[in-house]
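**Student:** Sharing a structure with you now.
Protein chains: 2
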Amino acid sequence: MNEFALIEALRGLATHPAARGLADDCAVLELGAEALVLTHDTMVEGVHWLAGQDMADVAWKLVAVNLSDLAAKGAEPLGVLLGHMLGDGDARFVDGLREVFHAFGVPLLGGDTVAGGAPRAIGLTAIGRATHRPVPARSGARAGDEVWITGPVGAAMMGFEALRDGTGGNSTAYRRPRPLLAEGRALAPFVSAIMDVSDGVLLDASRMAAASGVTIDIAGADVPLAAPEDRRADALRWGDDYQLLFTLPQRLTPPLAAHRIGTVRPHGGAPLLIDGVPPPDGDRLGYAHGA
Amino acid sequence: MNEFALIEALRGLATHPAARGLADDCAVLELGAEALVLTHDTMVEGVHWLAGQDMADVAWKLVAVNLSDLAAKGAEPLGVLLGHMLGDGDARFVDGLREVFHAFGVPLLGGDTVAGGAPRAIGLTAIGRATHRPVPARSGARAGDEVWITGPVGAAMMGFEALRDGTGGNSTAYRRPRPLLAEGRALAPFVSAIMDVSDGVLLDASRMAAASGVTIDIAGADVPLAAPEDRRADALRWGDDYQLLFTLPQRLTPPLAAHRIGTVRPHGGAPLLIDGVPPPDGDRLGYAHGA
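Protein chains in written order, with my numbering: chain A, 7 to 297; chain B, 7 to 297.
This is how it looks when you write it as structure tokens:
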């Protein structure tokens, strides 16, 4: 059973209306007058962080990527639960947790610690409450909408390469991403669809299109870059920047600084077009888990 | 940093009033008119299950042990999120999930799948809503209360040994524990303290005593057994039966079949007495994680 078959099988079990998605989305659970937003991400050594990386950065990122999922729902974080596999650098891990909880005002509610081996896996569940109803989803893009992004991509890629190669360049964007919680709350009442860009703007736009049953056409040159221009193609296929990708009905402008990068078309043959043309076969578009 | 130091450090971060405990307890989060109960447990191959064990049983147990934490809060499950590390037996794992979700009427809300290695770690977060306020805790036992348990211990130990030794004996209690959800809801309005017995009745009683600032005196011969009498000492130190351990004010009787197994005394030198006597040094009392 490969990962895709497993995810399909799990989706078959996730029939509750709250289960909007598995693997990269949030669950939305109505409870009394509130709507809870729940997400779980696991990070694995050597996959989601470099072996030997400062565990304070790993802790920060683990929390930040889960909060980014909440941001994309316009949700306010209530807290997190940690599933921690013991290992080297635990004291630094605690330091990083302290910093990220302080930075975003999020409490640790509980969790579990287990003995483990290598590679280590550390999971986190984040719980938030929706600030706007209905809770926005990635599936709401409609033909005629315009596609927007909150800021540039590529900073995390440049930071990763600086860290990996020991160049001494600035790696903050890769090590310490910032979930756009305030931006997500500001956007939630207006967007037709929204998600965070965790795996690359092209791949995530393609997922938004598939979830919405439309085709999204990205104007490649319009995507703002935080990388050299000759790295544009790579930066569009690199995740970890945690910008928010969203669609708005035509003629609406977002209530914050953002960049228009494409349009939503009726469902065509391909979910994604780049400058009007389907990407060539074999273009993975971004970071695909398990691929 | 050993596990105990880490847990202490994490507790230092878990200052939110919702964070009643880490590692083996639930968080309780007030939200509007509701109280959410949240728990996360991770299971590791070779630690929490036998290498080569049917992954359907592993899936069942992972869900059941988290639901048991909700049961001990009198909470009704709302759903679970899965953090799954891919590996052998995933198709069976999905079968087990389907069975346990059906058995207890619990939906899969979401989660994450990651590539991993050995040993595998699989985490689960369960979310419930409290059916009684205030939500009961392990910390409420008061001197003069009596100590009760919902049923016998030792069945899981016998089942584990049958499975490990390939005797063909019945291993259902070890492989497929049943969270006492209805019992927990029935008890919640009456108990002064309650927890599930996951690590052994003596060890968990000792934890309840420590959390409550009292001494608990267990009458060893009064603990009901689902094991041969000559295994009594072991059965009192073996977890995995997921009975509910609770205290009631004197002269109250529980609203369901249960067994009185001890008394709560004012805080003395030791948190736990067995037949009036502190356990000898070196008696680990049960299954201590990381020990």
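A virtual CB, placed ideally from N, CA and C, is assigned to each residue, including glycine.
Ordered along the chain, which non-local residues of its own chain (more than five positions away) have a Cβ less than 7 angstroms from that of G165(A)?
**Tutor:** Within the first sequence, residue 165(A) is the residue found at index 159, counting from 1. Cβ within range, chain order: N176, S177, T178, A179, Y180, R181.
**Student:** Using only the heavy atoms of the ligand PLP, determine whether one of them is closer than 7 angstroms to the beta carbon of L250(A).
**Tutor:** You won't find the ligand PLP in this model; it holds no ligand whatsoever.
**Student:** What are the boundary residues of the beta strand (DSSP E) that H90(A) is part of?
**Tutor:** Start at 1 with the first residue of the first sequence, and residue 90(A) comes out as number 84. Per DSSP, H90(A) belongs to the beta strand (DSSP E) from 81-91.
**Student:** Between which two residues does the alpha helix (DSSP H) containing T173(B) stretch?
**Tutor:** Here residue 173(B) refers to the residue found at position 167 when the second sequence is read from its first residue. Note, T173(B): premise wrong, no alpha helix (DSSP H); not H, not E.
**Student:** Three-state secondary structure (DSSP) at G134(B)?
**Tutor:** The residue you call residue 134(B) lines up with position 128 of the second sequence. DSSP places G134(B) in strand when its eight states are reduced to three.
**Student:** Looking at chain A, is there any beta carbon in it that lies within less than 8 angstroms of the beta carbon of T137(B)?
**Tutor:** Locating residue 137(B) in the second sequence gives position 131, counting from the first residue. So, not an interface residue.
**Student:** For V106(B), which residues in chain A fall below 9 angstroms Cβ to Cβ?
**Tutor:** Here residue 106(B) refers to the residue found at position 100 of the second sequence. Correct list: empty, because the minimum Cβ distance to chain A is about 10 angstroms.
**Student:** Rounded to the nearest angstrom, what separates R139(A) and R266(B) at their Cα positions?
**Tutor:** The residue labelled residue 139(A) in the question sits at position 133 within the first sequence. The residue labelled residue 266(B) in the question sits at position 260 within the second sequence. Answer to the nearest angstrom: the Cα atoms are 49 angstroms apart.
**Student:** With 8 angstroms as the C-beta to C-beta threshold (strictly closer), list the residues of the region 155-169 of chain A near chain B in chain order.
**Tutor:** none
**Student:** How is F196(B) classed by DSSP in three states: helix, strand or coil?
**Tutor:** Stepping through the second sequence from its first residue, residue 196(B) is reached at position 190. Residue state, collapsed to three classes: coil.
**Student:** Quick one: is V153(B) near chain A, going by C-beta distance under 8 angstroms?
**Tutor:** The residue you call residue 153(B) lines up with position 147 of the second sequence. Taking 8 angstroms as the CB threshold, V153(B) stays off the interface with chain A.
**Student:** Go ahead and label T259(B) buried or exposed: buried means 16 or more other beta carbons lie within 10 angstroms of its beta carbon, across all protein chains shown.
**Tutor:** Reading the second sequence from its first residue, position 253 is the one you call residue 259(B). Exposed.
**Student:** Have a look at G292(A) and T221(A) and give me their C-alpha separation to the nearest angstrom.
**Tutor:** Start at 1 with the first residue of the first sequence, and residue 292(A) comes out as number 286. Start at 1 with the first residue of the first sequence, and residue 221(A) comes out as number 215. Roughly 17 angstroms between the two C-alpha positions.
**Student:** Shorter than 8 angstroms from the beta carbon of G292(A) to some beta carbon of chain B?
**Tutor:** Against the first sequence, residue 292(A) aligns to sequence position 286. Not an interface residue.
**Student:** So which of A136(B), T173(B), A233(B) has the shortest CA-CA distance to G190(B)?
**Tutor:** The residue given as residue 190(B) occupies position 184 in the second sequence. It is A136(B) whose Cα lies nearest to the Cα of G190(B).
**Student:** In whole angstroms, what is the alpha-carbon distance linking V43(A) and L35(A)?
**Tutor:** For the purposes of this step, residue 43(A) is taken as the residue at position 37 of the first sequence. For the purposes of this step, residue 35(A) is taken as the residue at position 29 of the first sequence. Cα to Cα, the separation comes out at about 6 angstroms.
**Student:** Tell me where the beta strand (DSSP E) around G111(B) begins and ends.
**Tutor:** By one-based count along the second sequence, residue 111(B) stands at place 105. Careful: G111(B) lies outside any beta strand (DSSP E) and carries neither H nor E.
**Student:** My parser needs the beta strand (DSSP E) runs of 3 or more residues fully inside the region 186-252 of chain B; what are they?
**Tutor:** 199-202, 220-224
**Student:** Which chain A residues are close to E40(B), counting only those with a beta carbon under 8 angstroms from its beta carbon?
**Tutor:** Residue 40(B) sits at position 34 when you count from the first residue of the second sequence. Going along chain A in sequence order, the residues near E40(B) (Cβ under 8 angstroms) are L37, G38, E40.
**Student:** Would DSSP call R17(A) helix, strand or coil?
**Tutor:** In the first sequence, the residue the question calls residue 17(A) occupies position 11. It is helical.
**Student:** State the start and end residues of the unbroken beta strand (DSSP E) segment that holds W154(B).
**Tutor:** As a first step, residue 154(B) must be located in the second sequence, where it is residue number 148. Where W154(B) is concerned, the enclosing beta strand (DSSP E) stretches over 152-155.
**Student:** Exposed or buried, V283(A), counting other C-beta atoms within 10 Å across all chains shown (16 or more means buried)?
**Tutor:** Within the first sequence, residue 283(A) is the residue found at index 277, counting from 1. Answer is exposed; the Cβ neighbour count stays below 16.
**Student:** In angstroms with no decimal places, state the Cα-to-Cα distance between A233(B) and L254(B).
**Tutor:** Here residue 233(B) corresponds to residue number 227 of the second sequence, with the count starting at 1. Here residue 254(B) corresponds to residue number 248 of the second sequence, with the count starting at 1. Looking at the two C-alpha atoms, the distance is approximately 27 angstroms.
**Student:** Find the nearest neighbour of E40(B) within the set D63(B), V141(B), P183(B), judged by alpha-carbon distance.
**Tutor:** Working through the second sequence from its first residue, we reach residue 40(B) at position 34. With distances taken between Cα atoms, E40(B) lies closest to V141(B).
**Student:** By DSSP, does D118(A) sit in helix, in strand, or in coil?
**Tutor:** Position 112 of the first sequence, counted from the first residue, corresponds to residue 118(A). Here D118(A) sits in strand by DSSP.
**Student:** When we look at the beta-carbon of Q59(B) and count the other beta-carbons within 10 Å, is it buried (16 or more) or exposed?
**Tutor:** Locating residue 59(B) in the second sequence gives position 53, counting from the first residue. Flag for Q59(B) reads buried.
**Student:** Got a sec, what are the start and stop residues for the beta strand (DSSP E) V43(A) sits in?
**Tutor:** By 1-based counting over the first sequence, the position of residue 43(A) is 37. From DSSP, the beta strand (DSSP E) with V43(A) extends over 40-50.
**Student:** DSSP three-state call for V53(B): helix, strand or coil?
**Tutor:** Position 47 of the second sequence, counted from the first residue, corresponds to residue 53(B). It is coil, neither helix nor strand.
**Student:** How big is the Cα-Cα spacing for A149(A) and V270(A)?
**Tutor:** Within the first sequence, the letter at position 143 stands for residue 149(A). Within the first sequence, the letter at position 264 stands for residue 270(A). C-alpha separation (whole angstroms): 5 angstroms.
**Student:** Counting along the chain, where does the alpha helix (DSSP H) carrying A62(B) start and finish?
**Tutor:** Against the second sequence, residue 62(B) aligns to sequence position 56. A62(B) -> alpha helix (DSSP H) spans 61-77.
**Student:** Below 8 angstroms between beta carbons: does that hold for C32(B) and D63(B)?
**Tutor:** Indexing the second sequence from 1 puts residue 32(B) at position 26. Indexing the second sequence from 1 puts residue 63(B) at position 57. No, the pair does not count as a contact, with Cβ atoms beyond the cut-off.
**Student:** Among L209(A), P285(A), R290(A), which has the Cα closest to the Cα of A251(A)?
**Tutor:** As a position in the first sequence, residue 251(A) is number 245, starting the count at 1. Going by the sequence as given, residue 251(A) is Leu instead of Ala. It is L209(A).
**Student:** Can you round the beta-carbon distance between A15(A) and V120(B) to whole angstroms, since I take them to be within the 8 angstroms contact cut?
**Tutor:** Numbered from its first residue, the first sequence carries residue 15(A) at position 9. Numbered from its first residue, the second sequence carries residue 120(B) at position 114. No, A15(A) and V120(B) are not in contact; Cβ-Cβ is about 16 angstroms, not under 8 angstroms.
**Student:** Tell whether a beta-carbon distance below 8 angstroms holds between T131(B) and H46(B).
**Tutor:** Reading the second sequence from its first residue, position 125 is the one you call residue 131(B). Reading the second sequence from its first residue, position 40 is the one you call residue 46(B). In this structure, H46(B) lies closer than 8 angstroms to T131(B) by Cβ.
**Student:** Note down, in chain order, each residue of its chain lying with its Cβ closer than 7 angstroms to the Cβ of S198(A), except the 5 sequence neighbours on either side.
**Tutor:** Position 192 of the first sequence, counted from the start, is the residue given in the question as residue 198(A). Hits under 7 angstroms: G146, A147, R148, D151, T253, L254, P255.
**Student:** As a quick exercise: from F110(A), V229(A), D281(A), pick the residue whose alpha carbon is nearest that of T156(A).
**Tutor:** For the purposes of this step, residue 156(A) is taken as the residue at position 150 of the first sequence. Comparing C-alpha distances from T156(A) to each of F110(A), V229(A), D281(A) shows the shortest one belongs to V229(A).
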